[in-house]
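So the protein lines, in turn, are chains X and D.
Its first residue numbered 5, the first sequence is counted upward by one per residue in my numbering.
Its first residue numbered 78, the second sequence is counted upward by one per residue in my numbering.
C-beta atoms are modelled at their ideal positions from N, C-alpha and C, and glycine is treated no differently.
Structure record follows, encoded as structure tokens.
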Amino acid sequence: MLAAAGAAFFLLPLIGLLLRAPWGTAWQELTSTEALLALRLSFVASLSATALALIFGVPLAWIYARSAFPGRNVLRALTVLPMVLPPVVGGVALLFAFGRRGILGQWLDQAFGIHLPFTTAGAIVAETFVAMPFLIISVEAGLNSMDRRFEDAARTLGARPWTVLWRVTLPLVRPSLVAGAVLCWARALGEFGATITFAGNFPGRTQTMPLAVYLALETNPDAAIVLSLVLLVISLAVLIGLRDRWLGAS
Amino acid sequence: MTLEARIQAGVSGFELDVELAVRAGELVAVLGPNGAGKTSLLRALAGLLPLRAGRVTLGGVVLEDPRAGIRVPSERRPIGLVFQDYLLFPHLSVQENVAFGLRARGMAHAAAIARAGSWLDRVGLQIEGGRKPASLSGGQAQRVALARVLATSPVLLLLDEPMAALDASTRAAFRRDLRRHLESFPGVRLLVTHDPVEAMAMADRLVVLEHGRVLQSGTPADVTQHPRSRYVADLVGVNLFRGRASHDIITLEGGGSLTTAGAADGDVFAVVHPRTVALYRTRPDGTPRNVWEGRAVDLDLEGDRIRVRLVGSPSIVAEVTPAAVRELGLDRGDRVWVSVKATEVNVYPA
Numbered sequence: 005m006l007a008a009a010g011a012a013f014f015l016l017p018l019i020g021l022l023l024r025a026p027w028g029t030a031w032q033e034l035t036s037t038e039a040l041l042a043l044r045l046s047f048v049a050s051l052s053a054t055a056l057a058l059i060f061g062v063p064l065a066w067i068y069a070r071s072a073f074p075g076r077n078v079l080r081a082l083t084v085l086p087m088v089l090p091p092v093v094g095g096v097a098l099l100f101a102f103g104r105r106g107i108l109g110q111w112l113d114q115a116f117g118i119h120l121p122f123t124t125a126g127a128i129v130a131e132t133f134v135a136m137p138f139l140i141i142s143v144e145a146g147l148n149s150m151d152r153r154f155e156d157a158a159r160t161l162g163a164r165p166w167t168v169l170w171r172v173t174l175p176l177v178r179p180s181l182v183a184g185a186v187l188c189w190a191r192a193l194g195e196f197g198a199t200i201t202f203a204g205n206f207p208g209r210t211q212t213m214p215l216a217v218y219l220a221l222e223t224n225p226d227a228a229i230v231l232s233l234v235l236l237v238i239s240l241a242v243l244i245g246l247r248d249r250w251l252g253a254s
Numbered sequence: 078m079t080l081e082a083r084i085q086a087g088v089s090g091f092e093l094d095v096e097l098a099v100r101a102g103e104l105v106a107v108l109g110p111n112g113a114g115k116t117s118l119l120r121a122l123a124g125l126l127p128l129r130a131g132r133v134t135l136g137g138v139v140l141e142d143p144r145a146g147i148r149v150p151s152e153r154r155p156i157g158l159v160f161q162d163y164l165l166f167p168h169l170s171v172q173e174n175v176a177f178g179l180r181a182r183g184m185a186h187a188a189a190i191a192r193a194g195s196w197l198d199r200v201g202l203q204i205e206g207g208r209k210p211a212s213l214s215g216g217q218a219q220r221v222a223l224a225r226v227l228a229t230s231p232v233l234l235l236l237d238e239p240m241a242a243l244d245a246s247t248r249a250a251f252r253r254d255l256r257r258h259l260e261s262f263p264g265v266r267l268l269v270t271h272d273p274v275e276a277m278a279m280a281d282r283l284v285v286l287e288h289g290r291v292l293q294s295g296t297p298a299d300v301t302q303h304p305r306s307r308y309v310a311d312l313v314g315v316n317l318f319r320g321r322a323s324h325d326i327i328t329l330e331g332g333g334s335l336t337t338a339g340a341a342d343g344d345v346f347a348v349v350h351p352r353t354v355a356l357y358r359t360r361p362d363g364t365p366r367n368v369w370e371g372r373a374v375d376l377d378l379e380g381d382r383i384r385v386r387l388v389g390s391p392s393i394v395a396e397v398t399p400a401a402v403r404e405l406g407l408d409r410g411d412r413v414w415v416s417v418k419a420t421e422v423n424v425y426p427a
């Protein structure tokens with residue numbers, strides 16, 4: 005009984021969403037200017053965040069897995085902190101780092117005239133901050149579990165460290181890399197708290213889908229439901245795509 | 078071209094301390110039980126395990142010398158290492174595996190693939206180069222691994238338990254095959270194995286390694302005739318004693334003494350073949366110079382003989398016929414008289 009109640013607890017909201025969906029006008033809602041702007045921005049921002057996470061997260065994961073230095077564990081804990089940190093707190097912290105008065109933001113402003121808060125770039129930074137840890141821990145786990153003797157074999161065959169990384173290590177951890185990138189992207193796509201705090205809520209600039217859903221709920225519930233369904237479908241696709249890793253299905 | 082190595086390195090749990098010289102043309106097998114440090118030795122030579130002290134030179138070129146601050150990285154050593162489980166890159170095709178070393182040296186892709194194909198031919202593999210390693214049999218994988226290493230034209234070829242991953246039934250055929258490939262290799266060859274048959278069948282010289290140290294080195298015949306460790310004695314199936322000789326009496330380390338036919342002085346090894354150990358119900362008279370009482374603790378049928386393990390001073394293993402055991406009425410726990418002729422005690426300096 006308790007298990008059934010538990011299952012229902014997860015199923016009912018989904019059913020509610022499907023029942024309330026305005027199927028007749030769904031396409032219209034989806035192709036409205038506001039929705040399209042949010043959709044486009046969400047994809048641009050989340051894919052950019054994933055790209056940034058790959059560029060900075062993979063080397064970081066590699067350092068965590070392959071080198072020992074004092075403070076490594078503390079640093080690792082700090083980099084995965086955003087996974088458990090309330091996103092709003094992350095947004096506030098980002099403001100104090102990259103905001104106009106922030107430690108780095110001040111300098112960015114004076115030296116380059118770059119303002120991150122309340123810009124699309126700011127939304128990307130917020131999403132990267134929250135989502136990158138998913139990529140880091142997945143890649144680090146992959147690096148830790150791979151047979152490092154393959155790297156040894158590559159070296160004795162004459163491969164320099166860079167060649168070993170590109171031709172052996174990364175291909176061998178590809179499943180972890182792909183899973184980490186997909187998780188990271190899904191998290192970035194759903195980001196709300198840090199984005200609205202750090203980047204604000206400007207349609208076309210920083211108003212991503214989750215923000216649009218939240219706003220539309222008051223003014224245009226149908227649009228909110230349709231956008232929610234789009235996010236739901238994407239989440240399901242991610243889950244199915246990663247089912248081998250999580251659900252143990254063949 | 079000679080490999081000269083003095084290796085001191087800390088391996089998890091013990092200390093590797095080995096001195097080794099291998100000439101070109103000679104095939105040396107390092108023989109030792111599991112955990113003796115054989116793989117660590119190869120890793121140290123290949124530059125994958127840093128030395129704490131010592132020196133490795135190949136053809137006069139210093140590859141590593143911690144005191145002089147020299148350490149040539151693995152990728153720049155002219156050394157090929159065939160790993161125990163071959164470690165073919167699972168994401169690359171067979172051809173790309175063999176071409177890997179050439180590509181790493183900057184050869185163009187097409188040329189490297191062509192060369193890889195000819196190396197696959199040379200090791201006698203008629204398979205499609207596009208196949209992935211996962212689809213290969215153990216024997217095929219071994220040859221691909223060999224081709225992959227030979228394609229980089231190493232000066233020193235290291236093989237780690239080359240037969241261990243193969244079925245026992247195909248081992249003999251592949252051993253002959255591997256020996257042929259190794260014979261046509263012009264550089265310095267060193268293989269490690271825990272399988273004495275493999276070592277004896279392949280090598281010109283054996284180096285016996287135990288607990289990270291060389292216990293003995295010599296031709297297979299020399300090593301088996303003059304074991305210097307319990308490990309080798311057990312492999313050959315003989316009784317090995319160590320003691321101090323004074324003229325024709327050896328006082329044994331584990332208690333008891335043996336009388337020999339010759340004269341010697343100082344620390345010696347003494348070997349007694351189990352077949353020359355005779356057993357009696359009552360104390361025998363006559364020529365045998367070594368007679369003592371022992372208790373049979375184990376009887377094992379081996380071939381057409383029974384190996385009887387006796388505890389006494391000294392303890393010894395005898396090999397007798399089943400008929401003799403019946404005649405003696407010998408059973409586990411029984412006390413019997415052991416006798417060994419002085420002429421059957423083979424003595425050599427320790």
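Closest Cα partner of residue i within the set the options
i, options, result
"L58(X)", "L240(X), W189(X) and A198(X)", "W189(X)"
"G184(X)", "E144(X), L193(X), A163(X) and V168(X)", "E144(X)"
"F47(X)", "R247(X), T212(X), A241(X) and L243(X)", "T212(X)"
"E379(D)", "G112(D), A427(D) and V394(D)", "V394(D)"
"G146(X)", "L243(X), L246(X) and W66(X)", "W66(X)"
"F133(X)", "F154(X), D113(X), A203(X) and P74(X)", "A203(X)"
"L34(X)", "A227(X), G117(X), A55(X) and L235(X)", "A227(X)"
"A427(D)", "F318(D), D411(D) and V397(D)", "F318(D)"
"E340(D)", "G333(D), E330(D) and D325(D)", "Note on residue identity: the sequence assigns Ala, not Glu, to residue 340(D). Measuring from the Cα of A340(D), the nearest candidate turns out to be D325(D)."
"K418(D)", "L259(D), V368(D) and E152(D)", "V368(D)"
"R24(X)", "G106(X), L246(X), P225(X) and V234(X)", "P225(X)"
"F429(D)", "A113(D), R257(D), H303(D) and T359(D)", "This structure leaves residue 429(D) out entirely; chain D is present only between 78 and 427."
"A241(D)", "S390(D), G215(D), E260(D) and D342(D)", "G215(D)"
"V88(D)", "L80(D), T79(D), M78(D) and R129(D)", "R129(D)"
"G126(X)", "N148(X), M150(X), Q110(X) and G95(X)", "G95(X)"
Buried or exposed (CB count within 10 angstroms, at least 16 for buried), residue i
i, result
"M5(X)", "exposed"
"E421(D)", "buried"
"S254(X)", "For S254(X), the predicted model reports a pLDDT of 37, less than 50, meaning its position is unreliable and no value from the coordinates is stated."
"I84(D)", "buried"
"S142(X)", "buried"
"D362(D)", "exposed"
"D156(X)", "buried"
"A11(X)", "exposed"
"R154(D)", "buried"
"E141(D)", "buried"
"W196(D)", "buried"
"F138(X)", "buried"
"R144(D)", "exposed"
"Y163(D)", "buried"
"V171(D)", "buried"
"L251(X)", "Here L251(X) scores only 47 on pLDDT, less than 50, and its place in the model should not be relied on; the value that follows carries that caveat. Flag for L251(X) reads exposed."
"A176(D)", "buried"
"T173(X)", "buried"
"A211(D)", "exposed"
Rounded distance between the beta-carbons of residue j and residue i, thought under 8 Å
i, j, result
"P351(D)", "V313(D)", "The Cβ separation is near 11 Å, so there is no contact."
"Y357(D)", "V413(D)", "7 Å"
"A130(X)", "T199(X)", "4 Å"
The ligand SAM heavy atom lying under 6 Å from the CB of residue i
i, result
"R319(D)", "Absent from the structure shown: the ligand SAM. Ligands present: none."
Q. Listed in chain order, which residues of the region 154-175 of chain X have Cβ atoms closer than 9 Å to some Cβ of chain D?
A. Flagged, chain order: F154, D156, A157, A158, R159, T160, L161, G162, A163, R164, P165, T167, V168, R171, V172 and P175.
**Q.** Touch test, the region 275-293 of chain D against the region 110-119 of chain D, Cβ-Cβ under 8 Å, three pairs minimum
**A.** Because the criterion of three Cβ pairs below 8 Å is met, the region 275-293 of chain D and the region 110-119 of chain D touch.
Q) Given a limit of 7 Å on CB to CB distance, which residues of the region 123-155 of chain D reach chain X? A) Closer than 7 Å at the C-beta level to chain X, one finds these residues of the region 123-155 of chain D: A123, L125, S151 and E152.
Q. Does the region 153-163 of chain D come within contact of the region 228-241 of chain D, defined as at least 3 CB pairs closer than 8 Å?
A. Segments in contact, yes.
Q: Below 8 Å between beta carbons is the criterion; list the residues of the region 205-228 of chain D that meet it against any residue of chain X, in chain order.
A: Answer set for the region 205-228 of chain D: R225 and V226.
Q: Report the residues of the region 168-184 of chain D with a CB closer than 9 Å to any CB of chain X, ordered along the chain.
A: Of all residues in the region 168-184 of chain D, only H168, L169, F177, G178, L179, R180, A181 and R182 come within less than 9 Å of chain X when Cβ atoms are compared, listed by chain position.
Q: With 7 Å as the C-beta to C-beta threshold (strictly closer), list the residues of the region 101-118 of chain D near chain X in chain order.
A: Here the close residues number zero.
Q) When Cβ atoms are compared, which residues of the region 260-287 of chain D fall closer than 7 Å to chain X? A) Nothing from the region 260-287 of chain D brings a Cβ to less than 7 Å from some Cβ of chain X.
Q) Below 8 Å, can you find three or more Cβ-Cβ pairs linking the region 258-278 of chain D to the region 99-109 of chain D? A) The answer is yes - the region 99-109 of chain D touches the region 258-278 of chain D, with three or more Cβ pairs under 8 Å.
(Q) If contact is defined by three or more beta carbon pairs under 8 Å, each pair taking one atom from either stretch, is the region 87-100 of chain D in contact with the region 141-150 of chain D? (A) Not touching, per the Cβ criterion.
Q) Just checking, does the region 84-103 of chain X make contact with the region 209-223 of chain X on the three C-beta pairs under 8 Å criterion? A) By the criterion of at least three beta-carbon pairs nearer than 8 Å, the region 84-103 of chain X is not in contact with the region 209-223 of chain X.
Q: Compile a chain-ordered list of the residues in the region 80-102 of chain D whose CB is closer than 9 Å to at least one CB of chain X.
A: The residues in question: there are none.
Q: Count the C-beta pairs between the region 242-259 of chain D and the region 273-280 of chain D that are closer than 8 Å, then say yes if the count reaches three, no if not.
A: Yes, the region 242-259 of chain D touches the region 273-280 of chain D.
Q: Answer yes if the region 226-235 of chain D comes into contact with the region 183-203 of chain D, meaning at least three C-beta pairs across the two stretches below 8 Å, and no otherwise.
A: Touching, yes.
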